Every structure is written in C-alpha cells, then in structure tokens.
Amino acid sequence: MKPLTWGIGLLVLAALAIMPFFVTSYIVSFTIQTFMWVALAGSWNLISGFTGYVSFGHVAFFGTGAYTGALLISKAGWPWLPAGLAGSVTAAALALLIGYPCLRLKGPYFAIAMLGLNEVVRALISYFEDFTGGGSGISLPPILSIEPVYYAMGLSAVSVTLLTYVIITSQFGLRLLSIREDEIAAEAMGINTARLKLYAFLLSAVFPGIVGGFYAWYASHIEPLGTFPLLTTITMIIMCLFGGKGTVWGPVLGAVLLSVFQELVWARFLFVHQALFGALIVAVVLLLPKGILGVLQERYRLPRAI
Amino acid sequence: MGPCWKVRVRELLALLTALAVVLIGQAGTVGAQAGKPILIGASISMTGTYAKLGNYTRDGYLLCAKEVNDQGGLLGRKIEFVIYDDRSDPPTAIKLYEKLITEDKVELVMGPYSSPITNAASTVSEKHRKIMVASLAATTSIWERGYKYLFMTISPAEVYMEGLIELAAERGLKTVAIINEDTLFSKAAAKGAADLARKKGMRVVLHEAYPKGTTDFSALLIKMKALNPDVIVAGSYFDDAVATTRQMKELDVNPKMFGVTVGGDVPDFGKQLGKTAEYVYGSTQWADNIPYPGAKEFVQNYKKMFNREFSYHAPAAYGACQVFAEAIRRANSLDPDKIREQLLRLKMTTAFGDYQVDARGFQIAHKMVLLQWQEGKRVTVWPPQLSDGKSIYPTPPWNQRR
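Line by line, the protein sequences give chains A and B. In case it helps, this note's numbering puts the first sequence at residues -9 to 296. In case it helps, this note's numbering puts the second sequence at residues 683 to 1084.
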C-alpha cells in the first residue's frame, strides 16, 4: 500500500477511536453492531471469498463463541474480555473438527455439511440443558458501559481486515485463490489443497468466535434460537458479496453500507424495508455479481490487494 | 464486460440515488417533535415473528395515551408515544432504546413485547436510570437480576397452569404429564406447573421438552398414552397447541383434563379445531367477560379506535400504561426514584386486573384465569370469583363424543 493509503487508514482509525466521546450511545451501539458485521463478513470472506467453498453455517462459530463467552462469565466468573477472546478457541476447535473431514468434500457438499453443522450445534446446546440452560438460554449481568465493547469489537473488525490484507499479499493467499479458480489445476501444481483449505477455514472461524463472545456480553442474554439463526449467515454472505468477495475492503464496504442502509430504511419505511432489502440483494446478485469492488477493479485496473 | 454492463451499473446507481434522496427527505420529519408533550419511548415488534402480538401491544399503548390525554394529560402535559419497530430482534431493541433515550430524549420508556426482547432492552433502560414498566414480559428470571427500575405487570409464566392444577387437585386427581416447547417462556410455564402439582401432592409421571417448530407429537403422545395420566399439560404456543390437540384425538389419548398454556385462549383455536377443541382448558392473562372496572369501556373504545379483534396483549399494554400514569400522578414528578417509590407502593385495579409488585418489581397481585372450550365458546372456569361458568368434568373419551 502507498503511504497515502496508510495515512488515510490511520486517520479513519483515529477518528473511530475518539468517536465514542462525541456521539450518543445510540451511535455507539449502532457502530458496535456494524463492527460485528464487518468482522463476520470479513471472516466468511477468508474461507468462501478466497477458496470458493461456500460456508452456509458460519453462524455456528459465532454461536459457539457466544456460548463459550457466556458460560465463562456466568459459571466461571471470568471478566468479559478474556471470556470473549476464549470464544476463538472453541470456535477454532469446532472448525478443526468439522473442517478436517468436510473440506475434502468438493462442490456443494461442503455447503450442505455446514448447514447441517449449525443445526447440530444448536440442538446439542438445547439438549445439554443443565449446562447451557437449554431453551431458556443464559442471562448475564447487565452491562454498565458499552464503550469497552465498542473498542473490543472495533479491534476485532480491524484485525480481520488486516489479516485479510496479509493473506491476500502472501503466497498463501495466492494459493487459496488458485483453489477457487481451479482446484484440480492447483493440485496438479503441487498445492496441498486440503491442508490450505483447512488453514483458511480455521482462520475464518476464529473471529466469529471472538465477536460471538463479545456479543453475548453486549446483549446480556443469549438463547439457542436467537444465537444460531440462519439469517446471520445469510447476512454475512450478502454483505461480503455486496462489497466484493476475495478483496480486503469488500466485506468492510458491504457491512458498513448495508448496516447504514438497513438502519435508515427500517426506521423510515417500516413495512417495506424487508422488501427493499430483498430487492437490493437481488439487484446485487444480478447486476454486481462480483460486488462493488469487483466491478471497480475490472473497470479501473485497481490493485488486487484492495 | 460489454457496454451493457455500463448501463446496468448506471441504472443501479440511479436507483440508489433516488432512494437516498427519498431517505434524506424523510429524515427531516423525524425529530421535529420536541417541545411540550411528555415523550414516552418504546420499541415494539411490528414486523418479524412477534408482529401480530406486538401490534396489539402498540394499540394498547396508543389507546392509553389517548385516554390519558382526554383526561387532561399527566402533570399538566400531554403524553405522546415514540414507537419504533424492533423487527422481533433483541439487539435491534437494544439499539432502539439507546436511540430513544439518547437521541429522541424521551422522558419515560415502556417495555417492548416478549420476554427475550424485554430482557435485552431493560439493560439499556437500567443503565440510563429510566423506569421501564414491562407490560408483556412474563419470565421470572428477568426479575432475578437485581434491576432497580424494571416493573412487571402481567402474571409470571410459572402460574399459567395454576387453575388447572388447582381444579385437578380438588377432584383428587393423582398423576400429571407435562410437555413443553423448549423456549424461555414455555419452559418456565411447564416447570411452574410441575412444581405446583408436586406441592398439591400429585405425581409428575412425564416431563419432556420438544424443539420449537415441532409438528409431529405422536412419539410423545404414545408415551403418554402408555402412562395414562389423569392430567396432561402442554406448555405451548398456538401452532403446537392446535397440533397436540388434534393428534391426541387421532391417537385416542384420554386424560381426564387437558390444558394448554398459550394458544387455547385465542378465537382461532376453536375455529381451526371445531368440535375437537371441546373440553380443552386454556389459560389467559385476561378475558373480555371478566368484570374488571373499565374492561367493558376498554373493549368498546378499542373497537372504536382500531376496528378489529384483539388478544389479551392489548389490555395488558393498556393496563401497564395506566399503572405507570397513576404512579407518575402520585409521584407528581418525572424523577425515576420518586416514580419507583410509588410503583413499589401502588395497589390498583385496571381494565387488565390487579397490580401490585414486591421489592424486586415482580408482579404478585395479577391473576391468571382458566377457561374451557364449551360448545364452541370460551367459558371462564377459574378462579371462582372471576368465573362465568363451571368446568365440565371429566373430559369424555374421544370415542364417546358425538
């Protein structure tokens, strides 16, 4: 990246860092949720945007992280920050468990397996009632100040974006992209595709686990139905596609634009906002299949690592 | 990419621009309402899973505001509700209460619809030291978190089946089987029924949960048929209540009493099941034939204002708002600590029934009623002082019905 780009990036970060001191807690709360979406869409991008393996169950990692965080806070008395970070461990463990066998599947089978994973994790959490509270969920102590969560979520979002940049500019990233373009050719060139896919998958599970843990603290109550909705996975996919999959800034752009869009539309057009959102999704898929950045890249010869 | 791309992208941009213009145009109209009236904020599920019941909740608030204003308002000022849609989503409700309190600067807030959303939203009101009169949250655990400014106005989930268990115990029944949907409210209701039954010396022979969205209850029902319990309790919502009842008939399961927690109280239960609904017990927070003061007027005014049928959620929201208004009148101030003091001390009966809370803000006076479907009508059969009929006992076996 050029020094100018770095300069602008640092300026934006600095502005975001001091923002909570100047705005209402509504804006802070809204930004927390936007950060969360940036981290989630960016994480989905790491596996699905780079390798082309569509994960329809990414919310499973988010939910696992949320339950890890909530259990550590409520049962073990951990402070929320380490409890949230610990979500990454369980999410990565789950990714290893499911990714090792399933990433050998090619084509749509991986997507279907992931869809199943989400249901299985949810059912297990509902079943082990004594430990997880079952359908009643887990209540956490009230959160007195949301600013710390703002910084934690913000750092997660920044980390995912930085990680994506590091990957896309590395050989690892190139190999992942070669899997997306033609997996058999990649294998023929000596790339251990199964192992690389697993690495990408593990990385893509870590941050949903962390933001899941922070989310549990922020929402102060979690239960299986609200923590594992398919809609969350779909939203991360849409955000990533809208901005541009396989790019650094695509998920960020998609998450920010769609969050703002939803916030404005839903507040003003109560009964048509879902229809408008749906129309937008259709428009993106039909008109911008490569996302905003994908189209810009093609037209203006932008660098690959954007 | 050929030239057709350029056109398409341009069209999309034009569409987005048009949309943006509309949005910015709309933005000016919100927030212009500062000034005289007391603003009361609430988020309501107007879209999403809870939309139907959420809208009744909103109706209740609006009707209450109209009546309070017709009587001269509060502390000499009119009141006005600022209501947003939370899409039946707890994190959205969190965001909205932040918006209501910090941007719209509402002076008071009232609760949203449903326990999960109240659970989440109350963290915001508590943080900002705003009283929240939670008109439609029935889950006890919400009041076990030590919140200072959160008040409950409806009966808790645990007592939903109190009437059924009372009646069963009076008749000397000994065994009860309980099934429930595995969600916050239904679970609490089922557990409450089990505890009450044990307290009355009955034996709980089965207590099992099924996941939300279950449509086939035959495995559970066959198990129950083998145990042949005197009483069957279903901790249900509407769809599962209907399905369970229908499948009990198909499988010829014959308890002496069968009751459902939620679902049995709505007119559609009888419409969908027809004669199969006969003798089924349902519980409800409120019924329009209970002679609470102002209940008749409420029904008339509701029909006049909204011109449609409603469920208990409307009077519950209305009653909660009346309680809040009364506490503010007595406190003669909008100071949260002064209102809190009055809400803790207040005993009153609204069109929705009795209000009194303990030191946690937890409801202790409001009574659930038990109804039974008789000849296609809902007859209130418990508690005796609010009843307009007697329960028909025992429920005849399916093969002996007309």
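Idealized CB from N, CA, C, for every residue including glycine. Computed from a prediction, not measured in an experiment: that's the story for all the values here.
Check                                                                                                                                                                                  : Outcome
When you compare the CB of B/Pro794 with every CB in chain A, is at least one pair closer than 7 Å?                                                                                    : no
Is the stretch 753 to 770 of chain B close to the stretch 720 to 727 of chain B, with three or more CB pairs under 8 Å?                                                                : yes
Is the Cβ of A/Ile133 closer than 7 Å to any Cβ of chain B?                                                                                                                            : yes
Pull up the distance between the alpha-carbon of A/Ile136 and that of B/Val806, whole angstroms please.                                                                                : 10 Å
Take B/Leu818 as the anchor and find which of B/Met1030, B/Lys1029 and B/Ala998 has the nearest alpha-carbon.                                                                          : B/Ala998
Starting from A/Leu215, find everything on chain B with Cβ-Cβ shorter than 8 Å and list it in chain order.                                                                             : Thr865 and Lys894
By the 7 Å beta-carbon criterion, what residues does the stretch 212 to 246 of chain A contribute toward chain B?                                                                      : Glu213, Leu215 and Gly216
Quick one: which unbroken alpha helix (DSSP H) runs of 4-plus residues sit fully inside the stretch 890 to 964 of chain B? Chain order, please.                                        : 900 to 909, 920 to 932 and 949 to 955
Do the CB positions of A/Val285 and A/Leu278 come within less than 7 Å of each other?                                                                                                  : yes
What number of angstroms, rounded off, separates the C-alpha of B/Ala629 from the C-alpha of B/Met939?                                                                                 : What is shown of chain B runs 683 to 1084, which leaves residue 629 of chain B out entirely.
What distance in whole Å lies between the Cβ atoms of B/Ala1002 and B/Val1087, which are believed to be in contact at a cut-off of 8 Å?                                                : This structure gives no information on residue 1087 of chain B, because the portion of chain B shown stretches from 683 to 1084.
Just to make sure I have the definition right: I need the residues of chain B whose C-beta is within less than 7 Å of the C-beta of A/Phe20. Which are they?                           : Lys777
Judging by CA-CA distance, which residue of B/Glu1057, B/Ser796 and B/Tyr842 is the nearest neighbour of B/Gly964?                                                                     : B/Tyr842
Do you know offhand how far A/Lys96's Cα is from B/Pro911's?                                                                                                                           : 52 Å
Would A/Val201 pass as a contact of A/Val28 if the rule is Cβ separation under 7 Å?                                                                                                    : no
For chain A, check one thing: does any of its Cβ atoms lie closer than 7 Å to the Cβ of B/Pro772?                                                                                      : yes
Taking 7 Å as the limit between beta carbons, can you name the residues of its chain near B/Phe1085, skipping five residues before and five after?                                     : With chain B covering only 683 through 1084, there is no way to say anything about residue 1085 of chain B.
Please list the partners that A/Ser116 has in chain B, where partner means a Cβ-to-Cβ separation under 7 Å.                                                                            : Asp864 and Pro893
Output needed for B/Pro838: all residues of its chain with C-beta closer than 8 Å, excluding positions within five of it in sequence on either side, in chain order.                   : Ala820, Thr821, Thr822, Ala870, Gly874, Phe1044 and Gln1045
Does B/Lys978 come out as helix, strand or coil in the three-state DSSP assignment?                                                                                                    : helix
By the three-class DSSP mapping on this structure, what secondary structure does B/Ile765 have?                                                                                        : strand
Contact between the stretch 163 to 180 of chain A and the stretch 49 to 69 of chain A: three or more CB pairs below 8 Å?                                                               : no
Within the 7 Å Cβ cut-off, does B/Ser965 reach chain A?                                                                                                                                : no
List in chain order: all unbroken alpha helix (DSSP H) runs of 4+ residues lying wholly within the stretch 198 to 253 of chain A.                                                      : 214 to 217 and 220 to 233
Note down, one range per segment and in chain order, each alpha helix (DSSP H) of at least 4 residues found wholly within the stretch 987 to 1035 of chain B.                          : 995 to 1013 and 1018 to 1027
Quick one: which residues of the stretch 809 to 828 of chain B get their C-beta closer than 7 Å to a C-beta of chain A? List them in chain order.                                      : Lys809, Ser823 and Arg827
Taking any Cβ of chain B, which residues in the stretch -9 to 18 of chain A have a Cβ under 7 Å from it, in chain order?                                                               : Thr14, Ser15 and Tyr16
Might you give, ordered along the chain, the residues of its own chain that have their beta carbon closer than 7 Å to the beta carbon of B/Thr784, omitting 5 neighbours on each side? : none
Would you give the residue range spanned by the beta strand (DSSP E) that B/Ser725 belongs to?                                                                                         : Ile720 to Ile726
Straight-line CA distance for A/Gln161 to A/Ile181?                                                                                                                                    : 11 Å
Would you mind giving the Cβ-Cβ distance between A/Ile22 and A/Val196, rounded to the nearest angstrom? I have them listed as a contact below 8 Å.                                     : Not a contact, Cβ separation roughly 19 Å.
Please classify B/Gly854 as buried or exposed, where buried requires at least 16 other C-beta atoms within 10 Å of its C-beta.                                                         : exposed
Within its chain, find whatever has a CB closer than 8 Å to the CB of A/Glu288; leave out the 5 residues flanking it on each side and keep chain order.                                : Lys280
In chain order, what residues of the same chain have a beta carbon less than 6 Å from the beta carbon of B/Asn801, not counting five sequence neighbours either side?                  : Ile824
Take B/Lys748 as the anchor and find which of B/Ser1015, B/Ile860, B/Asn1081 and B/Tyr984 has the nearest alpha-carbon.                                                                : B/Tyr984
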